[in-house]
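Single-structure report; data block below.
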Amino acid sequence: MAPKVAIVIYSMYGHIAKMAEAVKKGVEETGGSATIYQIPETLPQEVLAKMYAPAKPDYPIMDATTLATFDAFIMGIPTRYGNFPWAVEGTLPALFLSFSFLPLFAFWDTTGGLWGSGALAGKYAGAFVSTAGPGGGQEVTIQNAISTLTHHGVCFVPFGYSAAFPQLSNLSEVHGGSPWGAGTYAATDGSRQPSALELEIATLQGKQFYGVISKVNF
Ligand SMILES: Cc1cc2nc3c(=O)[nH]c(=O)nc-3n(C[C@H](O)[C@H](O)[C@H](O)COP(=O)(O)O)c2cc1C
Numbered sequence: 001m002a003p004k005v006a007i008v009i010y011s012m013y014g015h016i017a018k019m020a021e022a023v024k025k026g027v028e029e030t031g032g033s034a035t036i037y038q039i040p041e042t043l044p045q046e047v048l049a050k051m052y053a054p055a056k057p058d059y060p061i062m063d064a065t066t067l068a069t070f071d072a073f074i075m076g077i078p079t080r081y082g083n084f085p086w087a088v089e090g091t092l093p094a095l096f097l098s099f100s101f102l103p104l105f106a107f108w109d110t111t112g113g114l115w116g117s118g119a120l121a122g123k124y125a126g127a128f129v130s131t132a133g134p135g136g137g138q139e140v141t142i143q144n145a146i147s148t149l150t151h152h153g154v155c156f157v158p159f160g161y162s163a164a165f166p167q168l169s170n171l172s173e174v175h176g177g178s179p180w181g182a183g184t185y186a187a188t189d190g191s192r193q194p195s196a197l198e199l200e201i202a203t204l205q206g207k208q209f210y211g212v213i214s215k216v217n218f
């Protein structure tokens, strides 16, 4: 049976959403299908307005029970301090804001039951990222995500270089992405959009990910 794949994202300014569409395209071009889900927002509207966050993309909401119905998932993570956005306490003094990305409501905090029952164990996951710029934590964000996956017994599928060597090693232009996963640079004000090369790398990750998991007997 074909593996059931979810692309699970959080996207405040749309960069990760665009990358997710490119990853999905790659899965589909390899004969698979994938559904894009988004993590529920935990920030109050007042905070989102002060952060100039546009309306959310129109994707279904992922919850822990639904996640457990998939064989594999690819996480789209906009970096927060080199980590998941949904498990970090933070302040934005430049905006005179002090708030928490409340762990109580954080998505992974809702998966304790799945952890206890081993419901995600043996599933497969990859990740792609968005950071403000180079050095902002593309690789370490995915490395940190692996800790969560490991506790759940989820097998991490590295992107590697084999599917995108010329693209990842292209030094003729600034671009995100690494063997840990595709990536884009959003700029500190979110003004930069995923480049054609970054979207191509994301599509190649979708292809590579599906190529790996389609060999697994789920
Ligand atoms: C609280 C906060 C922390 C952030 N931390 C980082 C960081 O550690 N490194 C970085 O390069 N960008 C950082 N950023 C920028 C985000 O990664 C960027 O806004 C995001 O990748 C854009 O993706 P999106 O449009 O899908 O939300 C941070 C942004 C916010 C609001």
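Final position of the sequence shown in full-length UniProt numbering is 218; the numbers increase by one with none missing.
For each residue, glycine too, the CB sits at the ideal point set by N, CA and C.
Under the DSSP definition of a beta bridge, which residues are partnered with residue i?
i    : result
Q62  : Residue identity differs from the one stated: residue 62 is Met in this sequence, not Gln. None, per the DSSP bridge assignment.
G183 : V129
P78  : S130
A72  : V5 and Y124
P201 : Before going further, note that residue 201 is Ile rather than Pro in the sequence given. DSSP lists no partner for I201.
N83  : R80
Y37  : V8
Using the rule of at least 16 other Cβ atoms within 10 Å of the residue's Cβ for burial, across every protein chain shown, is residue i buried or exposed?
i    : result
S11  : buried
M75  : buried
A2   : exposed
P103 : Summary for P103: the model assigns pLDDT 31, below 50, so the residue's position carries little reliability; its value from the coordinates is reported in the next sentence. Looking at its Cβ environment, which holds fewer than 16 other Cβ atoms inside 10 Å, P103 is exposed.
A49  : exposed
E198 : buried
A106 : buried
Which whole-angstrom value is the C-beta distance of residue i and residue j, which I expect to be below 8 Å?
i    : j    : result
V8   : M62  : 5 Å
T37  : Y59  : Sequence check: residue 37 is Tyr here, not Thr. Indeed, because the Cβ distance is near 6 Å, the residues count as touching under 8 Å.
F70  : K4   : 5 Å
G133 : A187 : 7 Å
A145 : Q208 : Not a contact, Cβ separation roughly 18 Å.
G153 : A121 : 3 Å
P78  : I16  : 5 Å
P194 : M19  : 6 Å
Y185 : T131 : 6 Å
G211 : V140 : Between V140 and G211 the Cβ distance is about 26 Å, and since that is not below 8 Å, they are no contact.
T148 : W108 : 6 Å
Grab me the residues of residue i's own chain with a C-beta within less than 6 Å of its C-beta, minus the 5 sequence neighbours each way, in chain order.
i           : result
A68         : L114 and A119
A6          : T35, Y37, F70 and F73
Y124        : A72, C155, V157 and I213
residue 221 : One cannot answer for residue 221 here, as it falls past the ends of the chain, which runs 1 to 218.
Leaving out five residues before and five after residue i in sequence, what residues of the same chain have Cβ atoms less than 7 Å from its Cβ?
i    : result
G181 : G126, A127, F128, V129, I142, F159 and Q205
I201 : A164, Q167, L168, G177 and A182
Is there at least one non-hydrogen atom of ligand 2 closer than 7 Å to the beta-carbon of residue i?
i    : result
R192 : In the structure on display, ligand 2 does not appear, and the ligands it does have are ligand 1.
Sorted by chain position, which residues of the same chain lie with C-beta nearer than 8 Å to residue i's C-beta, five sequence neighbours on each side aside?
i    : result
T110 : D63 and A64
Using a beta-carbon distance below 8 Å, is residue i in contact with chain B?
i   : result
T65 : You won't find chain B in this structure, because it holds only one protein chain.
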